[in-house]
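Okay, so here's the structure we're looking at.
Chains as they are written, first to last, in our numbering: chain A, 61 to 184; chain B, 25 to 266.
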């Protein structure tokens, strides 16, 4: 709705003041109606989601904690193997558990959707 | 009152060949799947009956999940994914029957399934892509001085996948069944206490009923999550370096 009026302005023809006032009035009423509609919609969606949120949150808690714990556990396994293979106990375990924490955090962020896939740059 | 974790005890049934109650329910799950699907698809009607449409729905559901995650070429893994889904789902559901043993509440079972998936991913990825498969561990757009750390962290993150895959299923089933048993135990304990406490006994019973519904949801959901993650990992084997 805003597009055609904007194009008029860009063409060089200055919008008249009555046009402007008309437009702002219409925008205002539209805003008010949108606010009303969104308020109503959130009210509608919020009521049933209240009871459901418990099991959903529990599921997410399980999922995310498993992601993090598994990272640390995997780091521990790798560290233990490194210690056994190279006989540098306990340094392999110490370093790999710390790296495991990092991997766990990475898993966590990926599972939560805060880091996208295997890309670290913003090109995607 | 019985301990809430007594239900997870493994008891030998035929000690000579180490056939335990866990093995029995694994065989049972496979028998239910094979028998059920054979029975459902026996007629091979063009217009499916009730049983046949259930089987077709399951097939389409898993096929759709696999296609969404790994694309059309992922369909070559369909037998593996469908077997995994049906086994986990049936084992979870059999575990919901009171008195039955829950196979997926044993971490060694879920870990074996996860290792099977990751073994498939690694072997297929290496055979198909060779050394290009290791591009999975080298993300693009990382400064050179950070690369060694990132590669090690990515490697550990990859190793943690089977751990998290198995841990999630196992922990969900274990926790759910313990919670059910604890609330069931409350009912018995309150009734046993008698007097005013016995009047309170229905409260944990309602909780147990609600938990039962939640557990059915979790049992189905975890089988689905296991399948989805399997598909996502298989996608890594098909298209590494994405």
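Built from N, CA and C at the ideal position, the CB exists for glycine as well.
Distance, Cα to Cα, residue 96 of chain A vs residue 80 of chain A?
So the alpha carbons of these two residues sit roughly 24 Å apart.
Are residue 190 of chain B and residue 135 of chain B touching if we call contact CB-CB under 9 Å?
Taking 9 Å as the Cβ cut-off, residue 190 of chain B and residue 135 of chain B qualify as a contacting pair.
Would you mind sorting residue 131 of chain A into buried or exposed? The rule is 16 or more other CB atoms within 10 Å of its CB.
Per the 10 Å Cβ criterion, buried.
Quick one: does the C-beta of residue 229 of chain B sit closer than 8 Å to a heavy atom of the ligand SAM?
Absence of the ligand SAM is noted for the structure shown, with no ligands found whatsoever.
So, is the C-beta of residue 233 of chain B closer than 9 Å to a C-beta in chain A?
Not closer than 9 Å to any Cβ of chain A, the Cβ of residue 233 of chain B fails to qualify, so no.
Under a CB-based cut-off of 9 Å, is residue 206 of chain B close to chain A?
Not an interface residue.
For residue 128 of chain A, which residues does DSSP report across the bridge?
Its beta-bridge partners do not exist; DSSP assigns none.
Cβ closer than 7 Å: which chain B residues qualify as neighbours of residue 138 of chain A?
Here the neighbours are 180 and 183.
Roughly how far, in whole angstroms, is the beta-carbon of residue 74 of chain B from the beta-carbon of residue 123 of chain A, given that I think they are within contact range, below 8 Å?
In this structure residue 74 of chain B does not touch residue 123 of chain A by the C-beta definition: roughly 34 Å separates them, more than the 8 Å allowed.
Is DSSP giving residue 109 of chain A helix, strand or coil here?
Since pLDDT at residue 109 of chain A reaches only 48, below the 50 mark, its modelled position is unreliable, and no value is offered.
Which stretch, first to last residue, makes up the beta strand (DSSP E) that contains residue 36 of chain B?
Counting along the chain, residue 36 of chain B sits inside the beta strand (DSSP E) bounded by residues 36-38.
Quick check on the DSSP output: the alpha helix (DSSP H) that includes residue 246 of chain B runs from which residue to which?
Counting along the chain, the unbroken alpha helix (DSSP H) around residue 246 of chain B starts and ends at 226-262.
Cβ-based contacts, 7 Å cut-off: residues of the stretch 183-200 of chain B near chain A:
Using a CB distance below 7 Å, the part of the stretch 183-200 of chain B facing chain A consists of 183, 184, 187, 188, 191, 192, 195 and 196, ordered along the chain.
Under the DSSP definition of a beta bridge, which residues are partnered with residue 44 of chain B?
Note: residue 44 of chain B is bridge-paired with B:36 in the DSSP secondary-structure output.
Cutting at 6 Å between CB atoms, please list the residues of its own chain near residue 30 of chain B, excluding the five before and the five after it.
Excluding positions up to five away in sequence, the list is empty.
Cβ-based burial, residue 180 of chain B [other Cβ within 10 Å; buried from 16]:
It counts as buried.
Roughly how many angstroms separate the alpha carbons of residue 183 of chain B and residue 27 of chain B, rounded to a whole number?
In a straight line, the C-alpha of residue 183 of chain B is about 35 Å away from that of residue 27 of chain B.
Report the neighbours of residue 130 of chain A on chain B: residues whose CB is nearer than 7 Å to its CB, in chain order.
Neighbours of residue 130 of chain A on chain B, chain order: 184, 187, 188 and 191.
When Cβ atoms are compared, which residues of the stretch 116-129 of chain B fall closer than 8 Å to chain A?
Taken residue by residue, none of the stretch 116-129 of chain B has a beta-carbon sitting less than 8 Å from a beta-carbon on chain A.
Is residue 164 of chain A helix, strand or coil when you go by DSSP?
Helix, per DSSP.
From B:244, B:148 and B:225, residue whose alpha carbon lies closest to that of residue 209 of chain B:
Taking only the C-alpha atoms, the option nearest residue 209 of chain B is B:225.
If distances are taken between C-alpha atoms only, which option among A:120, A:84 and A:163 comes closest to residue 136 of chain A?
Cα-wise, what sits closest to residue 136 of chain A is A:163.
Closest to residue 162 of chain B by C-alpha separation, out of B:172, B:104 and B:124, would be which residue?
Per the C-alpha coordinates, the member of B:172, B:104 and B:124 positioned closest to residue 162 of chain B is B:172.
Go through the stretch 50-110 of chain B residue by residue and report every complete run of the alpha helix (DSSP H) that reaches 4 residues or more, in order.
Runs of the alpha helix (DSSP H) lying entirely within the stretch 50-110 of chain B and spanning at least 4 residues, in chain order: 74-94.
Coil, strand or helix - residue 125 of chain B by DSSP:
Three-state DSSP puts residue 125 of chain B in coil, outside helix and strand.
For residue 203 of chain B, which residues in the same chain have their Cβ closer than 7 Å to its Cβ, ignoring the five residues on either side in sequence?
Answer for residue 203 of chain B: 235, listed in chain order.
Counting beta carbon pairs with one atom in the stretch 122-136 of chain B and one in the stretch 87-98 of chain B, are three or more of them shorter than 8 Å?
No: the two stretches stay apart, fewer than three of their Cβ pairs being nearer than 8 Å.
Answer yes or no: does any C-beta atom of chain A fall closer than 9 Å to that of residue 250 of chain B?
No, residue 250 of chain B does not count as interfacial toward chain A.
Do residue 156 of chain A and residue 175 of chain A have their C-beta atoms closer together than 9 Å?
Taking C-beta atoms as the reference points, residue 156 of chain A and residue 175 of chain A fail to come closer than 9 Å.
Answer with buried or exposed for residue 268 of chain B, where buried requires no fewer than 16 other C-beta atoms within 10 angstroms of its C-beta.
It is not possible to answer for residue 268 of chain B, since the shown part of chain B is limited to 25 through 266.
Check whether the Cβ of residue 279 of chain B lies closer than 9 Å to any Cβ atom in chain A.
An answer regarding residue 279 of chain B cannot be provided, because it is not within the stretch 25 to 266 covered by chain B.
Assign residue 143 of chain B to one of three DSSP states: helix, strand, or coil.
Judged by DSSP in its simplified three-state form, residue 143 of chain B adopts helix.
Between residue 255 of chain B and chain A, is any beta-carbon pair separated by less than 9 Å?
Not a single CB atom of chain A sits nearer than 9 Å to the CB of residue 255 of chain B.
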